[in-house]
Every structure is written in C-alpha cells, then in structure tokens.
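> Residue numbers (the numbering used here): 107 to 800. Don't be surprised by glycine CBs; every beta carbon is placed ideally from N, CA and C. Predicted, not measured: the structure shown is a model, and the values here were computed from it. Structure provided below as structure tokens; questions to follow.
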Amino acid sequence: MKMKMVVPRLVLWLATATAAATTESSSDVKPGCKDYCGNIIVPYPFGIYEEKCAWDKDFLLSCTATGLLLGANIPVDVPPVLDGARITEATLVVTIHPAYDCYDELGSADYFDQAIELVENSSFTFSDSRNKFTALGCDTMAYVMGPKAQLYASGCSTFCDKPVNFAQSNSCSGVGCCQTSIPAGLHTLNITLRSSGNHSRILWFNKCSYAFLVDTDSFHLSKMNLSDDPQIFVDPPVVLDWVIKGNCSRHDCGQKSICKDSNTTRSGYLCSCEQGYAGNPYLPNGCQDINECEDPKTYTCQGTCKNTAGNYTCSCPLGMHGNGKVACQGFRVTTFAAVIGAVVIAVVACILIFIEWKKLARHKNFKKNGGLLLKRQRIKLFTEAELKKATNNYDRSRLLGRGGSGHVYKGQPCQCGEALGLCLETPVTMLVYEFVSNGTLFQHIHDPNSEIVRSWKLRLRIAIETAGALKYLHSLADPPVIHRDVKSTNILLDNKHAAKVADFGTSVLIPLDQTAINTKIAGTLGYLDPEYMQTGNLTAKSDVYSFGVVVMELLTGWNPTPGGRSVDDPNRNIIHDFLCAVETNRLSDILNISINGEAERKQIEGVAELAKRCLSGSGVARPTMQQVEDELKGMQREAENLLAGESETGEETQSLLSEIEGRSSEKDESHSHTHYVTAFDIQPQEVSGVIIFP
Numbered sequence: 107m108k109m110k111m112v113v114p115r116l117v118l119w120l121a122t123a124t125a126a127a128t129t130e131s132s133s134d135v136k137p138g139c140k141d142y143c144g145n146i147i148v149p150y151p152f153g154i155y156e157e158k159c160a161w162d163k164d165f166l167l168s169c170t171a172t173g174l175l176l177g178a179n180i181p182v183d184v185p186p187v188l189d190g191a192r193i194t195e196a197t198l199v200v201t202i203h204p205a206y207d208c209y210d211e212l213g214s215a216d217y218f219d220q221a222i223e224l225v226e227n228s229s230f231t232f233s234d235s236r237n238k239f240t241a242l243g244c245d246t247m248a249y250v251m252g253p254k255a256q257l258y259a260s261g262c263s264t265f266c267d268k269p270v271n272f273a274q275s276n277s278c279s280g281v282g283c284c285q286t287s288i289p290a291g292l293h294t295l296n297i298t299l300r301s302s303g304n305h306s307r308i309l310w311f312n313k314c315s316y317a318f319l320v321d322t323d324s325f326h327l328s329k330m331n332l333s334d335d336p337q338i339f340v341d342p343p344v345v346l347d348w349v350i351k352g353n354c355s356r357h358d359c360g361q362k363s364i365c366k367d368s369n370t371t372r373s374g375y376l377c378s379c380e381q382g383y384a385g386n387p388y389l390p391n392g393c394q395d396i397n398e399c400e401d402p403k404t405y406t407c408q409g410t411c412k413n414t415a416g417n418y419t420c421s422c423p424l425g426m427h428g429n430g431k432v433a434c435q436g437f438r439v440t441t442f443a444a445v446i447g448a449v450v451i452a453v454v455a456c457i458l459i460f461i462e463w464k465k466l467a468r469h470k471n472f473k474k475n476g477g478l479l480l481k482r483q484r485i486k487l488f489t490e491a492e493l494k495k496a497t498n499n500y501d502r503s504r505l506l507g508r509g510g511s512g513h514v515y516k517g518q519p520c521q522c523g524e525a526l527g528l529c530l531e532t533p534v535t536m537l538v539y540e541f542v543s544n545g546t547l548f549q550h551i552h553d554p555n556s557e558i559v560r561s562w563k564l565r566l567r568i569a570i571e572t573a574g575a576l577k578y579l580h581s582l583a584d585p586p587v588i589h590r591d592v593k594s595t596n597i598l599l600d601n602k603h604a605a606k607v608a609d610f611g612t613s614v615l616i617p618l619d620q621t622a623i624n625t626k627i628a629g630t631l632g633y634l635d636p637e638y639m640q641t642g643n644l645t646a647k648s649d650v651y652s653f654g655v656v657v658m659e660l661l662t663g664w665n666p667t668p669g670g671r672s673v674d675d676p677n678r679n680i681i682h683d684f685l686c687a688v689e690t691n692r693l694s695d696i697l698n699i700s701i702n703g704e705a706e707r708k709q710i711e712g713v714a715e716l717a718k719r720c721l722s723g724s725g726v727a728r729p730t731m732q733q734v735e736d737e738l739k740g741m742q743r744e745a746e747n748l749l750a751g752e753s754e755t756g757e758e759t760q761s762l763l764s765e766i767e768g769r770s771s772e773k774d775e776s777h778s779h780t781h782y783v784t785a786f787d788i789q790p791q792e793v794s795g796v797i798i799f800p
C-alpha cells in the first residue's frame with residue numbers, strides 16, 4: 107500500500123524569544139488585534155484572524171477550534187505548551203511527520219512518502235544551517251528531492267545485521283543511522299524510502315525505516331529505537347527561516363531599531379533593536395530601553411550602576427578609580443574598612459591569645475616551681491603582676507645590685523611587713539625579702555665615714571649576728587642549707603646596724619643523711635673555699651671559710667675579691683698575708699681599727715685567731731658555725747667583765763648586750779620573724795631575682 111501526502115502536517119511552535127533582559131511593551135501585537143490562540147502567544151509580525159494583524163498574508167495564521175492554520179490550507183497541530191517563534195533569530199520551529207517504510211513476515215509493505223511544500227515565493231524556507239536530512243534503519247535507502255524547477259536530489263543509506271544501541275551514542279555513524287545536509291533556500295522537499303531486501307534478514311529487530319528533516323540542535327539520537335512503530339514515532343522538530351520581503355531602503359521597522367538585509371538566498375530584510383534596547387522591533391514602539399542595572403550578570407558593573415536611555419553608567423566606589431564596566435582600581439572604602447576591621451580583630455585575638463598564653467605559662471611555672479606544695483605551707487606567695495607593679499616593671503632605677511644568680515630590685519612600699527615570700531609564676535622562682543635600708547656590710551667597711559669603721563663593738567656584733575644566721579642555716583633549718591656565697595655584700599644592715607644574711611641564689615639544700623654534696627662550683631672569688639674549688643664537694647665548712655674571709659675583712663678593711671687588689675700587686679694573696687700576720691704576731695700592722703683599751707685588744711686578737719682557724723685549708727680543721735658563734739659570744743662576755751668597773755662604759759655595754767641577746771632569743775624562739783628562712787623551702791639554684799620591700 108502506497109500513500110503520498112501533498113499537504114504536510116505541521117506542528118508550529120510560537121512564542122517570543124527576544125533578548126534576555128527585556129522591558130516588555132504593553133502588547134506584542136498590533137493595537138486592536140488578539141495575541142492568544144488558546145494558550146499560545148502569537149506575536150507580531152505573525153497575526154491571527156485578520157490580515158491587518160499580521161505583517162502580510164505570509165504571516166497570517168488562522169485560529170480555529172482545532173488549532174492554528176498556516177495560510178489557508180495547512181493544518182497546524184498545536185501541542186499543549188509552545189516555546190516557538192524566535193523573533194530576533196527570525197526562525198520558526200515546526201514538527202513534521204517522518205516518511206516511513208515498513209514490512210511484515212509476508213513481505214507486504216506499508217510506507218509513507220512525505221512531500222513538504224511551503225508556499226512558493228513566501229517568506230519561509232527550510233533552514234540549511236539548522237536542519238539535516240536523516241534516515242534510520244538497517245536496510246534503508248533514503249532520498250530527498252526538491253521541486254523539478256530546482257533540480258535538487260540527495261540521500262543516504264544505512265545497513266546493519268544486528269540491533270544497534272543508540273543510547274550509547276548521540277551522533278549518526280552510518281550504522282543504523284545516516285545524515286546529509288540540504289541546500290539553502292529550499293521551500294519544497296520530497297522524501298522517499300526504499301529497501302534492498304524488504305527487511306527480510308533483519309525483520310526480527312527492525313521492521314521499519316524512517317526518513318525525515320530534523321533540527322540538529324534538538325534531535326537526540328539516544329532516544330530513538332529501531333523497533334518503534336510509526337504510530338508512536340515522535341515527530342522531529344524542523345527549523346524554518348523567514349524574512350520580511352523587500353529591502354532596507356524602504357523598511358517599516360519600529361523606533362529604536364535597525365534594518366539588516368537577509369544573508370540567505372531569499373531577498374528580504376530583518377529588523378533588530380538598537381544596542382541598549384530590547385523587544386519586538388517590528389512594532390512601532392516595540393523596542394524598549396533595557397535596565398542594565400537589573401541584570402548585573404550580563405552588564406558588568408563594579409561600582410554604582412545608573413540606567414540611561416539605551417545605555418548605563420557605572421561609577422567606581424569611593425576610594426577607587428577606572429572604568430567601572432571593566433575594572434576599578436584601588437581599594438573600596440568598605441574593603442578598606444573590612445581589612446582594618448580584620449586587622450583589629452586579628453590584633454585583639456593575638457592579644458587575647460598572648461594573655462591566655464601568659465596566664466597558662468604562669469600557671470605552668472607555678473606548678474613547676476612547687477606552688478601546689480607551697481600553697482599548703484605558711485609562705486607568702488606573690489603574683490608576677492604584684493612584683494612588676496612594685497618594681498615599676500623592673501625599672502633600672504630600682505636595681506639595687508646583682509646577686510650570684512640574678513638581680514636585686516627595690517620594691518614600692520606595701521603591706522608586706524617583715525614577711526618573706528616567693529613568686530612562682532615566672533620561669534625561675536623569685537624571692538621577696540624585707541628591704542634592709544642601711545646598705546651592705548661591704549659598703550660600710552670601705553666607707554671611712556661609716557660608724558662601723560670607728561666602732562669595734564659594732565663590728566663584733568655584726569660578726570656574732572652573721573655567725574648566728576649561718577648557724578641557723580646549718581643546724582636548725584630543715585633540711586639544712588649551705589649558703590655558698592657568704593660575703594660582705596650579702597650581709598645587709600638595717601638602721602640599727604643589725605645584720606641580715608641575704609641572697610640565697612646559690613644556696614643548696616643538704617639531705618638529712620648527708621654532710622656534703624657534689625655540685626658545680628658557684629660563689630664569689632676571694633671568698634670561695636679552696637678545698638671546695640679543688641674537689642667540688644660542698645660542705646657546711648665551706649660557709650665557715652667564707653665567714654672567716656668576712657671576719658678578716660672586718661679586721662683589716664681589705665677587699666678579698668680580685669678586683670679589689672692593688673694595681674701594683676694584682677697577684678697578692680690577701681688570705682696568706684693575713685694568716686702570716688696573725689702567726690707572727692704582726693696583727694697590729696694590718697688592722698684598720700683604733701683599739702681602745704686592753705679588753706678590745708684581747709677581743710681583736712681572739713677574733714683574729716678564730717678567723718685563722720676558719721681559714722684553714724682543711725675543712726676538718728675548721729670549727730662549726732655553732733662553735734664560732736659560741737666563741738664570739740664568749741669573747742663578748744669576757745669583755746663585759748673587764749669593763750664592769752667603768753660605769754658609763756658598763757651601762758653602754760649592758761644596753762648593747764641586752765639588745766643583742768634580745769635579737770638572739772627572738773631568732774631562737776621562732777624563725778617566722780627572720781627574713782632568710784622562707785627561701786629554705788625551694789631549690790635556690792632556680793632563683794632568678796630578688797625583690798626587696800621596705
């Protein structure tokens with residue numbers, strides 16, 4: 107059975123698809139004309155019902171109860187939803203039923219040859235750039251021909267002996283599918299299909315062949331199936347090109363539009379809106395100004411956008427310069443503010459982190475330095491902040507001196523009383539002493555105007571008090587302590603010339619079951635025990651030797667340190683000279699004391715002999731500090747007996763002895779009032795500085 111259809115069955119898609127950012131006019135049709143046929147928009151230059159509503163009769167569509175009609179005799183089957191006529195592209199999308207050629211098991215054929223005829227010399231032609239002639243099948247020869255006057259014919263063929271899976275490919279490869287182009291300007295096409303073997307060998311999977319014109323942009327081969335029946339085969343889309351007949355010398359384009367001659371084989375022209383305008387250029391006022399500021403993706407602006415007629419302006423933000431449509435240079439005020447804000451936040455965050463780090467470091471130091479244990483004892487614990495405030499952040503003006511393991515600062519007055527305390531929040535522990543305001547013994551010995559220089563009684567009292575302090579360290583402290591840096595600069599004097607042993611920076615705790623400890627050499631040259639320097643074994647007798655040097659210094663006024671020796675004799679051994687003078691009874695030649703009476707002479711000689719024993723090269727031969735204190739006190743009492751007959755002198759001596767004994771009894775009763783005791787509970791090697799409060 108053979109069928110040929112002269113009038114094509116068309117499905118027409120109509121809708122305006124002008125520029126993306128369009129300011130719509132009040133209507134897309136001429137005044138007084140209808141723009142809808144059912145739910146389909148029919149924009150100008152197309153029109154319905156009346157020829158005056160269309161550009162000319164080529165663009166007139168008839169709206170009927172069954173759908174649209176193109177011209178007078180071409181039925182149009184309209185789908186429920188259309189996205190159709192593209193005015194600015196001058197294209198029209200239609201769908202055309204394909205030609206087909208089908209066979210059954212008996213070899214009978216059922217085929218349909220498609221004849222597509224547009225009105226000759228009309229505004230419409232088949233688009234050669236968008237459409238291709240396509241055939242599907244495995245025993246297929248397809249032909250396409252133009253009208254006789256155009257003398258055009260073309261075609262393609264495809265063969266295969268097994269099913270083809272189009273789902274894995276979206277392009278015709280010649281297997282099961284073939285394609286060929288068509289020439290420009292065609293308005294009539296005749297499509298014919300033939301089979302070489304009536305599909306007899308492939309009937310089991312391919313009964314029909316198809317041939318059609320199709321829009322390659324919309325065609326999806328992967329959705330095709332060679333087993334589909336013609337009744338369910340989807341009509342492929344076809345693109346028609348159109349032009350307005352005439353030329354641009356006499357055109358009827360609307361305002362704000364431009365005319366351009368068609369570049370197809372058909373003579374005619376097209377209208378388009380000027381730059382900056384969008385809409386329907388075929389209507390008198392169809393082109394409307396685009397508000398570019400509402401479409402920043404299409405119309406770039408890096409600053410402040412302002413719409414103008416047919417254009418827009420873009421000024422760079424405050425603080426920037428350049429073309430805002432291209433690129434602004436410099437920094438936005440908001441960006442600058444954001445950067446400043448970010449920097450401020452970062453700085454604040456760093457400060458907070460630093461504060462937290464310092465807090466954690468102080469807590470870590472507190473734990474490392476035994477703070478958890480010391481909190482349970484009756485010890486005053488100072489914070490690092492309190493010491494910084496007391497010393498004006500360790501200002502140099504408050505630096506009193508440098509001790510064996512750190513610096514000594516004078517603190518601001520505070521309600522510390524006479525309590526000694528510790529600061530455990532620094533990397534190394536800091537000791538806090540009562541400030542003894544009358545300087546050091548070294549300063550007084552070498553000051554000719556000092557009262558100590560003129561008074562042997564004061565010198566003897568200072569020696570006794572110093573011996574008592576060292577005796578406490580060696581015998582009464584728990585555990586015992588070796589000072590390791592006894593010297594005249596570490597003996598402080600208050601306003602009443604009472605002696606205070608200070609600077610425990612190099613002190614060492616001695617375990618109860620030991621009498622000596624092996625440690626690295628520390629102390630001050632001139633005062634160091636030679637036996638300790640040779641062996642490295644530190645004992646309490648090392649402090650006895652250093653005390654003997656201090657007594658020698660009290661008697662002679664000599665400076666035992668290397669820096670205190672004469673320039674003329676830098677290698678002089680002061681200790682050797684002192685011992686020789688005592689042994690050869692030439693003590694009077696080296697004393698810097700005015701002797702008043704026989705009692706003082708005997709005391710001085712006894713003290714010198716005691717110093718000689720303290721300076722013995724062997725620690726075993728030296729007395730203990732308990733013995734030293736007892737002997738010094740015995741000399742003091744013997745002097746009292748010799749001076750008992752002299753009333754004025756006796757009253758003075760009695761007053762002085764009462765004062766001394768009062769201090770001694772206070773020390774023996776409680777160590778809470780002495781200012782060198784608290785340091786015994788720490789490892790003194792880790793002390794970095796001393797803060798002294800008045």
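So, does the CB of residue 351 fall closer than 9 Å to a CB anywhere in chain C?
The question asks about chain C, but that chain is absent: this structure has only one protein chain.
> Using beta-carbon positions only, say whether residue 730 and residue 647 come within less than 9 Å of one another.
Yes, the pair counts as a contact, with Cβ atoms nearer than the cut-off.
> Exposed or buried, residue 767, counting other C-beta atoms within 10 Å across all chains shown (16 or more means buried)?
For residue 767, the predicted model reports a pLDDT of 45, less than 50, meaning its position is unreliable and no value from the coordinates is stated.
> Which residue wins for smallest C-alpha separation from residue 718, given the options 264, 661, 707?
It is 661 whose Cα lies nearest to the Cα of residue 718.
> Would you kindly work out how many angstroms separate the C-alpha atoms of residue 337 and residue 317, rounded to a whole number?
Spanning the two alpha carbons is a distance of roughly 15 Å.
> Smallest Cα separation from residue 404: which of 360, 282, 743, 382?
When only C-alpha atoms are compared, the closest one is 382.
> List the whole-angstrom C-beta distance separating residue 227 from residue 288, where the pair is believed to meet the contact cut-off of C-beta under 8 Å.
About 19 Å separates the two Cβ atoms, so there is no contact after all.
> Taking 9 Å as the cut-off, decide whether the C-beta atoms of residue 379 and residue 365 are in contact.
Taking 9 Å as the Cβ cut-off, residue 379 and residue 365 do not qualify as a contacting pair.
> CB-CB under 8 Å to residue 707, same chain, minus the five flanking residues each way: which ones, in chain order?
Correct list, in chain order: 701.
> Please specify which runs of the beta strand (DSSP E), each continuous and at least 3 residues long, are wholly inside the stretch 647-706, giving them in chain order.
Within the stretch 647-706, no complete beta strand (DSSP E) run reaches 3 residues.
> Since residue 638 is in the alpha helix (DSSP H), which residue starts that stretch and which ends it?
It spans 636-641 - the alpha helix (DSSP H) in which residue 638 sits, taken as one unbroken run.
> Could you tell me which uninterrupted beta strand (DSSP E) segments, each at least 3 residues in length, are contained entirely in the stretch 379-452, listed from first to last along the chain?
With a minimum length of 3 residues, the continuous beta strand (DSSP E) runs that stay inside the stretch 379-452 are 383-385, 393-395, 410-414, 417-421, 426-429, 433-436.
> Out of 152, 720, 657, state which residue places its alpha-carbon closest to the alpha-carbon of residue 349.
When only C-alpha atoms are compared, the closest one is 152.
> Which runs of the beta strand (DSSP E) fall wholly inside the stretch 278-343 and span at least 3 residues, in chain order?
DSSP runs (the beta strand (DSSP E)) wholly in the stretch 278-343: 283-286, 294-300, 314-321.
> If you draw a straight line from the C-alpha of residue 207 to the C-alpha of residue 339, how long is it?
Spanning the two alpha carbons is a distance of roughly 13 Å.
> Is residue 427 buried or exposed, if buried means 16 or more other CB atoms sit within 10 Å of its CB?
Under this definition residue 427 is an exposed residue.
> If you run the structure through DSSP and keep just helix, strand and coil, what is residue 211?
Of the three classes helix, strand and coil, the one that applies to residue 211 here is coil, per DSSP.
> Classify residue 294 as buried or exposed, calling it buried when 16 or more other Cβ atoms lie within 10 Å of its own Cβ.
Flag for residue 294 reads buried.
> Near residue 90, what residues of its chain come up, given a Cβ to Cβ distance below 6 Å and the 5 sequence neighbours on each side ignored?
This structure does not reach residue 90, given that the chain is present from 107 up to 800, and the question cannot be answered.
> Going by DSSP, which residues form a beta bridge with residue 261?
Beta-bridge pairing links residue 261 to 249.
> Can you tell which of 745, 263, 441, 423 has its C-alpha closest to the C-alpha of residue 433?
For residue 433, the nearest C-alpha among the options comes from 423.
> If you pair each beta-carbon of the stretch 650-669 with each one of the stretch 719-738, do three or more pairs fall below 8 Å?
With the cut-off at 8 Å, the stretch 650-669 and the stretch 719-738 touch.
> Count the CB pairs spanning the stretch 267-276 and the stretch 295-306 that are closer than 8 Å, and state whether there are at least three.
Short answer: they don't touch.
> Where residue 234 and residue 291 are concerned, what is the direct C-alpha to C-alpha distance, given to the nearest angstrom?
In a straight line, the C-alpha of residue 234 is about 8 Å away from that of residue 291.
> Which of the three DSSP states, helix, strand or coil, is assigned to residue 471?
In the structure shown, residue 471 sits in a helix (DSSP, three-state: H, G or I).
> Which residue wins for smallest C-alpha separation from residue 580, given the options 641, 645, 696, 630?
Looking at the Cα atoms, 645 is the closest of the given residues.
> Start and end of the alpha helix (DSSP H) containing residue 572?
Here the alpha helix (DSSP H) through residue 572 covers 562-577.
> Let's see if you can read the secondary structure: which residues bound the beta strand (DSSP E) around residue 366?
From DSSP, the beta strand (DSSP E) with residue 366 extends over 363-367.
> Sort out for me which residues DSSP pairs residue 206 with in a bridge.
The partner list for residue 206 (beta bridge, DSSP) reads 218, 316.
> Would you kindly work out how many angstroms separate the C-alpha atoms of residue 496 and residue 610, rounded to a whole number?
Distance between the alpha carbons of residue 496 and residue 610 is about 21 Å.
> Residues bridged to residue 165 by DSSP?
Note: residue 165 sits in no beta bridge, so no partner.
> In chain order, what residues of the same chain have a beta carbon less than 7 Å from the beta carbon of residue 363, not counting five sequence neighbours either side?
Taken in chain order, the residues that qualify are 377, 378, 379, 380, 387, 393.
> Would the stretch 203-218 count as touching the stretch 260-270 if we require 3 or more Cβ pairs under 8 Å?
Contact between the stretch 203-218 and the stretch 260-270 is absent, because fewer than three Cβ pairs lie under 8 Å.
> By how many angstroms is the C-alpha of residue 196 removed from the C-alpha of residue 373?
Cα-Cα distance, rounded: 14 Å.
> Label residue 247 either buried or exposed according to how many other C-beta atoms from any shown protein chain fall within 10 Å of its C-beta, with 16 as the threshold for buried.
Under this definition residue 247 is a buried residue.
> Any heavy atom of the ligand MN closer than 8 Å to the Cβ of residue 427?
You won't find the ligand MN in this model; it holds no ligand whatsoever.
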